[in-house]
Amino acid sequence: MNTQLITRSISQNASATPAERALFEGFVAELVSRGRRQKTIESYRSDWTGLCDWWISSHDTPFSADVMGGETAGAFKTGLMERGMTSATINRKLVFLKRYTDFAKQRGVVAETTAREVRGVEAQVQIPRRPRALSDIELRRFIKEIELRAHLRDQAIIFTLLETGLKVSELCELRREQIGLGSRTGLVRLDADTRGRARRVEIGPLARRKLRAWFDERGDHDGPIWDGERGSLTANAVQRMIRKFCSFAHVKVSPQVLRNTFAQSFLILSRGDLVGLADVLGHECLETTRLYVAEEGERQPPVRVHGLTRPVALIGGRV
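Rendered as structure tokens:
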């Protein structure tokens, strides 16, 4: 991992004292030694920079971790709220603050009581929102552009997401031997997750047709089904590909929105079978799946994919 740019930005931060900059460099070094992703480390660096900038703008003096405490952490949280940040963003920054304060405690910079005060700052309450899915009109526009402009591989990717509800990470890792295609049926066999549960998810008719066409062009052999000249397919590459067609369809779509659209369609076709949907999506907690249900008085968008049948997940390797 290349941390030179991160280290350079830390050393150039005039909003922190020299001792504070050295402390945070130690924090980054520990994150690297623990194998944390560079994206996580960069996120923490951004949070730390924001904390230092907030402190110097409020107190006219560079930030140092030894000023931290419950009152300071609470004021920092209030400042984030006043800036209109979302609850999720505020809570993410509070997580950083608590972890960094614990690190400072380990280095003897702050006392145990101070770290306890910071850990005691409550997270910002988040109001659960139903995940955004495409409306009928948006879905028709998007599919029209996909059929018109997309290569066979891209069509297969998009319709597989729409008709299976797979996570984009699961889609990217698919191998030909995981997919069974019959004349009237299709099945994706997903390996066991961290809980040891394997899933078998049915493939709808549109995705089956697109996959067959892609396999005819690619060659129907074992191995990763999406790999090209540039190597393995990544989630970012799928996002970029989908975004390209969004501009033509004038809709905002992402792999997660396609998963949400699948979930809404499933609930309509299954008359609200939350347990079945949780199995298909691989949710461990039914409360996560319940977010897809409209609140009382909220209009449920009539999202239906033409020709979509109700998919089923078979848990534990049953076929």
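Each residue of the sequence shown is one higher than the last, beginning at 132 in the numbering used here.
A virtual CB, placed ideally from N, CA and C, is assigned to each residue, including glycine.
Quick caveat: nothing in here was measured; it's all calculated off a predicted structure.
Buried or exposed: which applies to Arg260, given that a residue is buried once 16 or more other Cβ atoms fall within 10 Å of its Cβ?
Locating residue 260 in the sequence shown gives position 129, counting from the first residue. Using a 10 angstroms sphere on the CB of Arg260, the tally of other CB atoms stays under 16, which defines it as exposed.
Helix, strand or coil: how does DSSP classify Glu240 here?
Residue 240 sits at position 109 when you count from the first residue of the sequence shown. Per the sequence shown, residue 240 should be read as Val rather than Glu. In the structure shown, Val240 sits in coil (DSSP, three-state: anything other than H, G, I, E or B).
Ala145 in three-state terms, based on DSSP:
Start at 1 with the first residue of the sequence shown, and residue 145 comes out as number 14. It is coil, neither helix nor strand.
Take Ala454 as the anchor and find which of Leu225, Val241, Ile187, Val159 has the nearest alpha-carbon.
Because the chain here runs from 132 to 450, residue 454 falls outside it and cannot be looked at.
Tell me where the beta strand (DSSP E) around Gly317 begins and ends.
Walking along the sequence shown from the start, residue 317 turns up at place 186. Here the beta strand (DSSP E) through Gly317 covers 317-321.
What is the DSSP secondary structure of Leu312, reduced to helix, strand or coil?
Along the sequence shown, one-based indexing puts residue 312 at 181. Strand at Leu312.
Among all the DSSP beta bridges, which residues are the ones paired with Val249?
Position 118 of the sequence shown holds residue 249. Bridge partners of Val249: none, in fact.
Should Thr316 and Leu302 be called a contact, given that it needs their Cβ atoms to be closer than 8 angstroms?
Within the sequence shown, numbered from 1, the residue matching residue 316 stands at position 185. Within the sequence shown, numbered from 1, the residue matching residue 302 stands at position 171. Going by beta carbons, Thr316 and Leu302 fall outside the 8 angstroms limit.
How about Leu342 and Ala287: are their beta carbons less than 8 angstroms apart?
Here residue 342 refers to the residue found at position 211 of the sequence shown. Here residue 287 refers to the residue found at position 156 of the sequence shown. Yes, they are a contact pair.
Tell me, which residues are paired with Glu269 by DSSP?
Position 138 of the sequence shown, counting from 1, holds the residue named residue 269. Looking at the DSSP output, Glu269 bridges to nothing.
What number of angstroms, rounded off, separates the C-alpha of Lys170 from the C-alpha of Arg176?
The count along the sequence shown starts at 1 and reaches residue 170 at position 39. The count along the sequence shown starts at 1 and reaches residue 176 at position 45. Between Lys170 and Arg176, the C-alpha separation is close to 10 angstroms.
For Glu304, would you say it is in contact with chain C, using Cβ-to-Cβ distances shorter than 8 angstroms as the test?
Of the protein chains in the structure, only one exists, and it is not chain C.
Look up Glu173 in the DSSP assignment and say whether it is helix, strand or coil.
Numbered from 1 along the sequence shown, position 42 holds the residue referred to as residue 173. In the three-state scheme derived from DSSP, where H, G and I count as helix and E and B as strand, Glu173 is classed as helix.
In whole angstroms, what separates the C-alpha of Gln143 from that of Tyr231?
Taking the sequence shown and counting its residues from 1, the one referred to as residue 143 is at position 12. Taking the sequence shown and counting its residues from 1, the one referred to as residue 231 is at position 100. Across the structure, Gln143 and Tyr231 are spaced so that their CA atoms are roughly 20 angstroms apart.
Is Arg330 helix, strand or coil by DSSP?
Residue 330 sits at position 199 when you count from the first residue of the sequence shown. Here Arg330 carries a strand assignment [DSSP, helix/strand/coil].
Touching or not, the stretch 205-224 and the stretch 148-163, by the rule of three or more beta carbon pairs under 8 angstroms?
Inter-segment contact for the stretch 205-224 and the stretch 148-163 is absent: fewer than three beta-carbon pairs are separated by less than 8 angstroms.
To the nearest angstrom, how far is the alpha carbon of Gly313 from that of Gly350?
Within the sequence shown, the letter at position 182 stands for residue 313. Within the sequence shown, the letter at position 219 stands for residue 350. Rounded to the nearest whole angstrom, the CA to CA distance from Gly313 to Gly350 is 17 angstroms.
Proximity to Lys340 [Cα-Cα], best of His352, Ile310, Arg331:
Looking up residue 340 in the sequence shown gives position 209. It should be noted that the sequence gives Arg, not Lys, for residue 340. Closest by C-alpha distance to Arg340, out of His352, Ile310, Arg331, is Ile310.
I need the straight-line Cα distance from Ala206 to Asp191, nearest angstrom please.
The residue labelled residue 206 in the question sits at position 75 within the sequence shown. The residue labelled residue 191 in the question sits at position 60 within the sequence shown. When only Cα atoms are considered, Ala206 and Asp191 end up about 16 angstroms apart.
Measure the CB-CB distance between Met212 and Asp285 and report whether it falls below 8 angstroms.
Taking the first residue of the sequence shown as position 1, residue 212 is located at position 81. Taking the first residue of the sequence shown as position 1, residue 285 is located at position 154. In this structure, Asp285 does not lie closer than 8 angstroms to Met212 by Cβ.
Rounded to a whole number of angstroms, what is the C-alpha to C-alpha distance between Thr107 and Asp404?
Beyond the ends of the chain as shown, which are 132 and 450, falls residue 107; an answer cannot be given.
Is Ala150 buried or exposed, if buried means 16 or more other CB atoms sit within 10 Å of its CB?
Mapped onto the sequence shown, residue 150 falls at position 19. Exposed: under 16 other Cβ atoms inside 10 Å.
Identify whether Arg349 lies in helix, strand or coil by the three-state DSSP scheme.
On the sequence shown, position 218 is the one that residue 349 refers to. Correct three-state label for Arg349: helix.
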